[in-house]
Each structure stands twice: as C-alpha cells, then as structure tokens.
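**Student:**
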Amino acid sequence: MKNFSVASKVFFFVIGTLLISCQSDDSPVSYEKGSNQYTNMWINEQMRKYYYWNQDLPVFTNLSINPKEYFTKLLNKDDRFSYAINPANPETLPKSIRNTYGFDISFVEYEGKAFGVILFVLTDSPAERTGLKRGQFIKSINGTLVNHQNFENLYNDLAFSAKAQLEVFEYSSEKGFSAIKNVEIIKGFTFLQPIKYHIILSGNQRVGYIEIPHFDIGLAATFLRIFKEFQDQSVSKVIVDLRYNGGGDVSSATALSTILAPNIKSDDFFIRFKGNKNGGVVNQTFKEALEMNESKVSFESLRSVHPSIQELYVLCGNHTASASELILNNLKPFLRIISIGEKTLGKDTGGFAIEDNRMSDKKGWVLYPVIYKLFNANNQGNYAEGISPSIELSELQNPEIFSLGDSREVLLTKALNGTMSDKQLSVPSVNSLKLKEPCVKDADLLVKFILNKHR
1 MKNFSVASKV FFFVIGTLLI SCQSDDSPVS YEKGSNQYTN MWINEQMRKY
51 YYWNQDLPVF TNLSINPKEY FTKLLNKDDR FSYAINPANP ETLPKSIRNT
101 YGFDISFVEY EGKAFGVILF VLTDSPAERT GLKRGQFIKS INGTLVNHQN
151 FENLYNDLAF SAKAQLEVFE YSSEKGFSAI KNVEIIKGFT FLQPIKYHII
201 LSGNQRVGYI EIPHFDIGLA ATFLRIFKEF QDQSVSKVIV DLRYNGGGDV
251 SSATALSTIL APNIKSDDFF IRFKGNKNGG VVNQTFKEAL EMNESKVSFE
301 SLRSVHPSIQ ELYVLCGNHT ASASELILNN LKPFLRIISI GEKTLGKDTG
351 GFAIEDNRMS DKKGWVLYPV IYKLFNANNQ GNYAEGISPS IELSELQNPE
401 IFSLGDSREV LLTKALNGTM SDKQLSVPSV NSLKLKEPCV KDADLLVKFI
451 LNKHR
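Numbering (UniProt numbering), first residue to last: 1 to 455.
Take a look at the structure:
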C-alpha cells in the first residue's frame, strides 16, 4: 500500500500549515456546489482516506446538516483533537481563552475560597495590553464571583465570549494583597511569540534557561543563535520551559532536539508515524524530520552548538502538548530527561491540513484530522493519557506566583537545585482546582492562515 508522502508535507500537532488540495468529483451523486451535501460528501471521502480511525467511521447518511456538525459526528470516541474550520467564518475556529484573549488561567482554592489565577500571558495580546499578568488572581468574571461550583462554566463562558469584565488582584510577600482592579478585555488576534531565555548563575554553574511558548515554523535559526550564546558562556546545564507550549511545527521541535541530543548522527532514526492502512508506517531520521519544513539551517550547523550536557531539565504541565511532548518522548532514547511539573496533555497524534479548494471563487472547509500516531526510535508512544513527569510538583503552591524564568519560581527552583537536593518546599497554602480538560486546540497559526487567505 502506498504511503502518504510524509517528506513532502509539513506536519502539524496543534495545527497544520500545509494545505492539501483534494479533488474529488467522482461521486455517483451530484450536489449543488457550496451546499452542505456537496461539502459533507467531500468530508466523508477525505476522512475515509486519511483518518487514523477510518475503519471505525460510522455510516452516517444525513448530508444536509451543517458541515461542522457532520464532521464532529464522524469522530472516534477517543479523538480529542480533530477539528474542521471554514476560513470564511471565524466562528468555526476552535475556542479557547488563549485564542480569544491571549492568556491561560487555572483555578485554585485559597483559605477556603475559589479564585481564577492567571498562569501565562502572550506578548502583545489583548490580555497584556489591558495589564493582565502571570500571578494575578481573578475574583469574578462578568460580575459572577468564582466559586467551587461554577469555575468550570465560567472558564468555558470566557473562552466563547467576545469581551469580559474581570476583577483581579495580586499578592506579594512584601505588600500582601493588592486592591481589587476592574479590567475590561476585548477579544483580538495574537501572533508569533518571542522565545525568552537567559543565563542563571547557580552556585558554580551556568544554567541556560529557555522558555518556548510555541514551536513556530522556522525556529531553527533562533535556536542556533540562542545555543551559540549558551555555548560561548560555558553553559553546563539546560532547562527548557514547555509549560505553556501547546505544540506547533515538527521541524522546529526537531531542530531543538538536534541541538540537545548528545552523540547523534543525521541518519539516526528519530520519529515514527503510524497511520491507517493507506498511510502505513513512515520512519524519519533527524535530518529528514528537520528538512520537512526547514531548508536554511542544516543538521551540522545545529550540532555545532550542542551544549555539554548529558541530561536535560524540562518544565511541563497540562498545557504541554503535541510537539512539546515530542521533545519529552522522542529525546528519551538519546538523553536523560528530568521533567518537573505535572502530567502533560497527551496529544500523541499528528497530521496535516486538508483543504477543499474545488471552487475557484470560494474558500472551502479545511480539515485537521488525526492521521498518525507518533512514536520514538524505541517504538515508545501511546501517551494519550499524558506523560508523567519525573518529579511531580504543582507550580501553584503559595499565593505569590513568580514570573516564568524567575529563579524563585517553584518549578525553576526545583530544577536549579537538582534531583538530589534535600531542600523541601513548605506545605502548600494554595490548592489547585482541576478543570475537566483545558482547551487543546491551538489556532494561533490558523488565524494567520485565515488572514492570509483574505488579504
């Protein structure tokens, strides 16, 4: 059976960036162009060809319903990640607080009361422009006080809203709790995010800390520059913060892996894609995975800035997904990884975007189905329930929550002290309230795709 041409496609984990033109006018029944039936028949054909669980697709004959609803009805019960969008209709985009406003939140209990807490704010986002920042507590959302019974509903309502009113406050050990501030936030687009890094002096050791919010396309040159600086400064320990990285481009994740893994060659097997009987199994080396979407920076250039490390510290949590989990799983055969934080999301799948461009005068639907399951060089994968950290530790311990990269921050402190440290954290005064599942569909590059389509 002929495999899908993996080398010629750009894979997506959170979203894809290569659009595949799938012509199919051989249907025995002809439908009016642009109708639901016309679109849904095409969706059915593509899913039967590409979908990982294509053998389990239901026999669903009602082609007249809305295409998004039709697509959803085809999905396997274990599929949390496939989605479809209509570029002409922004309302079909996956909804999340990050995509809408540019920040991530969780919920905590402190002194018997429930609060929202801001964990991560994207650069130049609506959230940042209104003054929101990591560590702020949210007392109310749109006039409703957060409590133990409603926080899940408030989270979902916020993700689907166009604007919101928040009551926020913060805490520091020096000043205590601040006055409550009212903030109005309006949804807007947020684009590419900077990678933040610096060198920390910890005892006699120089530690390179790098925070990666997303694996955007073309990051190899950025990684090359950063790790050259680490190399010039004699960094002997590296901490990669992937807590709020929901995935992205496989080639960029491979570029980072190429730098970090010791004693590898370009033809060493790095990643295995297992598809349905049409897709088969595709194995890729470091060089092949890098070159899927990176032509300017070579494998050899990346290897030239390999730091002198035999182990890697990774900070992770339940927002760590997809290409970030690839770092954890696929570097494992080559390097000792010490992960600190909480269990990752569990997106062990990949695929590519499929575009319906049969009509020259109208943009058709775009499908992002699960097409492959992902495995490492030792054939290890199947982490749909998430990857458990080496050291389980919540970053939410106390009401004072430090910025990412601050050496006083809980997870970074643990990584700096190392696994053999006897230093114990105090008993937490803040307890996490778990969401059933945070939003897992990251559409930041997807938004850029839509904007490009309408220029």
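Glycine residues also receive a C-beta, built at the ideal position from the N, C-alpha and C atoms. Here the structure is a predicted model, which means the values were calculated and not measured.
Who are the Cβ neighbours of serine 125 in its own chain at under 8 angstroms, not counting the five residues just before and after it?
**Tutor:** As a position in the sequence shown, residue 125 is number 125, starting the count at 1. Here the set comprises Tyr101, Gly102, Phe103, Gly188, Thr190.
**Student:** Hey, out of Ser390, Glu409, Ile391, Glu392, whose CA is closest to proline 399's CA?
**Tutor:** For the purposes of this step, residue 399 is taken as residue 399 along the sequence shown, with counting starting at 1. Here the closest residue by C-alpha is Glu409.
**Student:** List the endpoints of the continuous beta strand (DSSP E) containing valine 240.
**Tutor:** By one-based count along the sequence shown, residue 240 stands at place 240. Note, valine 240: beta strand (DSSP E), 237–241.
**Student:** Identify the continuous beta strand (DSSP E) that holds arginine 225 and give its terminal residues.
**Tutor:** One-based indexing of the sequence shown puts residue 225 at position 225. Run containing arginine 225: none in the beta strand (DSSP E); it sits in the alpha helix (DSSP H), 220–232.
**Student:** Can lysine 332 and proline 389 be called in contact, C-beta distance under 8 angstroms?
**Tutor:** Counting from 1 along the sequence shown, the entry for residue 332 is found at position 332. Counting from 1 along the sequence shown, the entry for residue 389 is found at position 389. Contact: no.
**Student:** With H, G and I counted as helix, E and B as strand and the rest as coil, what does DSSP make of threonine 254?
**Tutor:** Indexing the sequence shown from 1 puts residue 254 at position 254. Threonine 254: helix per DSSP, three-state reduction.
**Student:** What does the alpha-carbon distance come out to for the pair isoleucine 401 and alanine 84?
**Tutor:** Reading the sequence shown from its first residue, position 401 is the one you call residue 401. Reading the sequence shown from its first residue, position 84 is the one you call residue 84. Going by the C-alpha atoms only, they are around 37 angstroms apart.
**Student:** Quick one: give me the first and last residue of the beta strand (DSSP E) that valine 410 is part of.
**Tutor:** Locating residue 410 in the sequence shown gives position 410, counting from the first residue. Not the beta strand (DSSP E): valine 410 falls in the alpha helix (DSSP H), residues 410–417.
**Student:** From the DSSP output, in three-state form, read off tyrosine 50 for me.
**Tutor:** Indexing the sequence shown from 1 puts residue 50 at position 50. Three-state DSSP puts tyrosine 50 in a helix.
**Student:** Express the C-alpha separation of leucine 416 and glutamate 385 in angstroms, rounding to a whole number.
**Tutor:** As a position in the sequence shown, residue 385 is number 385, starting the count at 1. As a position in the sequence shown, residue 416 is number 416, starting the count at 1. About 28 angstroms.
**Student:** Among the residues of its own chain, which have a CB less than 7 angstroms from the CB of leucine 224, if the five just before and after it don't count?
**Tutor:** The sequence position of residue 224 within the sequence shown is 224, counting from 1. The residues are Val297, Ser301, Leu302, Val305.
**Student:** Under the rule that 16 or more other beta-carbon atoms within 10 Å means buried, what is lysine 434, buried or exposed?
**Tutor:** Here residue 434 refers to the residue found at position 434 of the sequence shown. Flag for lysine 434 reads exposed.
**Student:** Quick one: Cα of serine 106 to Cα of leucine 119, how far?
**Tutor:** For this step, residue 106 is matched to residue 106 along the sequence shown. For this step, residue 119 is matched to residue 119 along the sequence shown. Their Cα atoms are separated by approximately 7 angstroms.
**Student:** Just tell me which of Tyr209, Tyr31, Gly131, Pro58 has its CA closest to the CA of leucine 312.
**Tutor:** Start at 1 with the first residue of the sequence shown, and residue 312 comes out as number 312. Among Tyr209, Tyr31, Gly131, Pro58, the Cα nearest to that of leucine 312 is on Tyr209.
**Student:** According to DSSP, simplified to helix, strand and coil, what is isoleucine 129?
**Tutor:** Position 129 of the sequence shown, counted from the first residue, corresponds to residue 129. This sequence places arginine at residue 129; isoleucine is not what is there. In the structure shown, arginine 129 sits in a helix (DSSP, three-state: H, G or I).
**Student:** Unbroken alpha helix (DSSP H) runs of length 4 or more, entirely within the stretch 302–340: which are they?
**Tutor:** As far as the stretch 302–340 is concerned, its whole alpha helix (DSSP H) runs of at least 4 residues are 323–330.
**Student:** Report the rounded CA-to-CA distance for valine 97 versus alanine 159, giving the unit in angstroms.
**Tutor:** Sequence index remark: in the sequence shown, residue 97 carries index 97 (1-based). Sequence index remark: in the sequence shown, residue 159 carries index 159 (1-based). Note that residue 97 is isoleucine in the sequence shown here, rather than valine. Approximately 4 angstroms between the Cα atoms of the pair.
**Student:** Does the beta-carbon distance from valine 281 to phenylalanine 273 come in below 8 angstroms?
**Tutor:** For the purposes of this step, residue 281 is taken as residue 281 along the sequence shown, with counting starting at 1. For the purposes of this step, residue 273 is taken as residue 273 along the sequence shown, with counting starting at 1. A contact, by the Cβ cut-off of 8 angstroms.
**Student:** Could you compute how far the alpha carbon of proline 262 sits from the alpha carbon of isoleucine 337?
**Tutor:** As a first step, residue 262 must be located in the sequence shown, where it is residue number 262. As a first step, residue 337 must be located in the sequence shown, where it is residue number 337. Their backbone Cα atoms lie some 12 angstroms apart in a straight line.
**Student:** Would you check if there are 3 or more beta carbon pairs closer than 8 angstroms linking the stretch 164–176 to the stretch 139–151?
**Tutor:** Segments in contact, yes.
**Student:** Indicate the three-state DSSP secondary structure (helix, strand or coil) for aspartate 157 in the structure shown.
**Tutor:** As a position in the sequence shown, residue 157 is number 157, starting the count at 1. The answer is helix: DSSP assigns aspartate 157 an H, G or I state.
**Student:** With a threshold of 16 other CB atoms inside 10 Å of the CB of residue 456, please say whether the residue is buried or exposed.
**Tutor:** Look at the range of the chain in this structure, 1 to 455, and you will see that residue 456 is not part of it.
**Student:** Starting from threonine 270 and walking both ways along the beta strand (DSSP E), at which residues does that stretch end?
**Tutor:** As a position in the sequence shown, residue 270 is number 270, starting the count at 1. At residue 270 the sequence reads phenylalanine, which differs from the threonine that was named. Looking at the DSSP string, the run of the beta strand (DSSP E) that includes phenylalanine 270 is 269–274.
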